[in-house]
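Heads up, the sequence shown is in my numbering, so the first residue is 97 and it goes up one at a time.
All C-beta atoms, glycine included, are put in the ideal place defined by N, C-alpha and C.
Comments concern the structure below.
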Amino acid sequence: LTLMPVFEQASGEHRPLASSWVERHLLPTALATLGLGFVLRLVSATRLYLDSDEALHYLIAHQTSLAQVYRVSLANVHPFLFFFLLHFWRLLGDSEFVLRLMSVIAGTAACWFGFQWLSYRFGRLTGLIGLSLLAFNPALVALSASLRQYALLMFLLTVALYTLERAFAERSELMLVWFGLALLAANVTQYSAMWFTTAVGLYALIRIVRERLPRRW
Numbered sequence: 097l098t099l100m101p102v103f104e105q106a107s108g109e110h111r112p113l114a115s116s117w118v119e120r121h122l123l124p125t126a127l128a129t130l131g132l133g134f135v136l137r138l139v140s141a142t143r144l145y146l147d148s149d150e151a152l153h154y155l156i157a158h159q160t161s162l163a164q165v166y167r168v169s170l171a172n173v174h175p176f177l178f179f180f181l182l183h184f185w186r187l188l189g190d191s192e193f194v195l196r197l198m199s200v201i202a203g204t205a206a207c208w209f210g211f212q213w214l215s216y217r218f219g220r221l222t223g224l225i226g227l228s229l230l231a232f233n234p235a236l237v238a239l240s241a242s243l244r245q246y247a248l249l250m251f252l253l254t255v256a257l258y259t260l261e262r263a264f265a266e267r268s269e270l271m272l273v274w275f276g277l278a279l280l281a282a283n284v285t286q287y288s289a290m291w292f293t294t295a296v297g298l299y300a301l302i303r304i305v306r307e308r309l310p311r312r313w
């Protein structure tokens with residue numbers, strides 16, 4: 097898709113209209129998009145009943161202690177982090193809507209960090225387009241209203257991408273620490289995160305070689 101450049105005359109020089117609009121309205125538009133995405137996830141969460149898989153997730157988390165949650169989770173095909181978080185989240189309420197709110201918040205936060213990463217790496221307009229796709233994609237909306245690990249996983253992966261990009265750009269050891277923690281949390285949330293870990297590890301190695309980064313920053 098090719099976008100034709102549009103120019104305006106301002107102070108004796110030409111400036112792209114699209115770029116000027118993004119600079120002025122980026123944050124309000126991004127927040128409005130994020131808010132609409134959040135509302136869509138809330139509405140979706142109110143229209144669903146717990147299916148058998150979601151009910152099993154709740155039963156695993158509904159134990160007397162974290163140690164018991166961990167022991168019961170060993171019989172499940174998923175790692176333990178989501179069950180640990182759900183164990184504490186259920187203290188806010190046992191209704192299906194309240195239980196789903198954790199995923200709704202995580203899915204919305206994933207949209208925001210995806211926007212931050214795309215804006216930081218590829219520019220503000222790309223970030224805004226990416227945010228719209230993440231916020232309004234029907235499949236992502238459905239996953240973000242589900243009592244499963246997927247919304248939390250998306251949140252952790254977008255945090256990992258954003259912190260890694262900042263680590264390279266700013267030569268920040270702190271951002272590398274956050275990247276490692278997000279990646280570790282993702283792998284104890286869903287085993288499929290191992291594929292992402294492999295891909296982002298190769299990406300990081302390529303960046304290190306191409307940019308000839310020092311051993312210590």
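Going straight from the alpha carbon of Met271 to that of Arg303, what length do you get?
-> Going from the Cα of Met271 to the Cα of Arg303 covers about 16 angstroms.
How about Ile225 and Leu214: do their beta carbons lie closer than 9 angstroms?
-> Between Ile225 and Leu214, the C-beta gap is smaller than 9 angstroms, which places the two residues in contact.
Going by other Cβ atoms of all chains shown within 10 Å of its Cβ, with 16 needed for buried, is Phe264 buried or exposed?
-> Answer is buried; the Cβ neighbour count reaches 16.
Nearest to Tyr154 (by Cα), restricted to the options Met198, Leu230, Leu123 = With distances taken between Cα atoms, Tyr154 lies closest to Met198.
Is Arg244 near the ligand ZN, going by C-beta to nearest heavy atom under 8 angstroms?
-> The model on display carries no ligand, and the ligand ZN is accordingly not part of it.
Sub-9 angstroms separation of Ala241 and Ala141 beta-carbons | For Ala241 and Ala141, yes; Cβs fall inside 9 angstroms.
Spatial distance of Asp190 from Glu150 (CA atoms) | Each residue's alpha carbon lies about 13 angstroms from the other.
Would you kindly check if the distance between the Cβ of Leu236 and the Cβ of Leu230 is under 9 angstroms?
-> Yes, they are a contact pair.
Please report the Cβ distance between Ala300 and Leu252, rounded to the nearest whole angstrom; I am assuming they are in contact, meaning their Cβ atoms lie under 8 angstroms.
-> Going by Cβ atoms, the distance from Ala300 to Leu252 rounds to 16 angstroms, so no, they are not a contact pair.
Cβ atoms of Arg196 and Ala157: under 9 angstroms apart, would you say?
-> No, Cβ-Cβ distance for Ala157 and Arg196 is not below 9 angstroms.
Tell me where the alpha helix (DSSP H) around Gly297 begins and ends.
-> Its alpha helix (DSSP H) spans residues 289–307.
Write down the C-beta distance between Thr204 and Gly133 rounded to the nearest angstrom, noting that I regard them as a contact closer than 8 angstroms.
-> About 6 angstroms separates the two Cβ atoms, so the contact holds.
Determine the closest residue to Gln286 out of Leu188, Ala247, Ala295, with distance taken between C-alpha atoms.
-> It is Ala247.
Leu130 classed as buried or exposed, judged by whether at least 16 other C-beta atoms fall within 10 angstroms = Its Cβ being crowded by 16 or more others within 10 Å, Leu130 is buried.
Are the CB atoms of Ala256 and Leu239 nearer to each other than 9 angstroms?
-> With respect to the 9 angstroms criterion, Ala256 and Leu239 are not classified as neighbours on the basis of their beta carbons.
Note down the Cα distance separating Tyr216 from Gln245, rounded to an integer number of angstroms.
-> Tyr216 and Gln245: Cα-Cα distance of roughly 27 angstroms.
Residue environment, Pro234, which counts as buried when at least 16 other CB atoms sit within 10 Å | Counting the other Cβ atoms within 10 Å of the Cβ of Pro234 gives fewer than 16, which makes it exposed.
Give the straight-line distance between the Cα atoms of His121 and Ala128, rounded to the nearest whole angstrom.
-> In this structure, the CA atom of His121 is about 11 angstroms from the CA atom of Ala128.
Near Val165, what residues of its chain come up, given a Cβ to Cβ distance below 8 angstroms and the 5 sequence neighbours on each side ignored?
-> Answer for Val165: Ile156, Ala157, Gln159, Phe176, Phe179, Phe180, His183, listed in chain order.
Report buried or exposed for Ala163, applying the criterion of at least 16 other Cβ atoms within 10 angstroms of its Cβ.
-> Answer is exposed; the Cβ neighbour count stays below 16.
Is the beta carbon of Ala126 sitting closer than 9 angstroms to the one on Leu277?
-> In this structure, Ala126 sits away from Leu277, with a CB-CB distance that is not shorter than 9 angstroms.
In angstroms, rounded to a whole number, what distance separates the CA positions of Tyr145 and Arg267?
-> If I take the Cα positions, the gap works out to 47 angstroms.
Identify the continuous alpha helix (DSSP H) that holds Val255 and give its terminal residues.
-> From DSSP, the alpha helix (DSSP H) with Val255 extends over 246–266.
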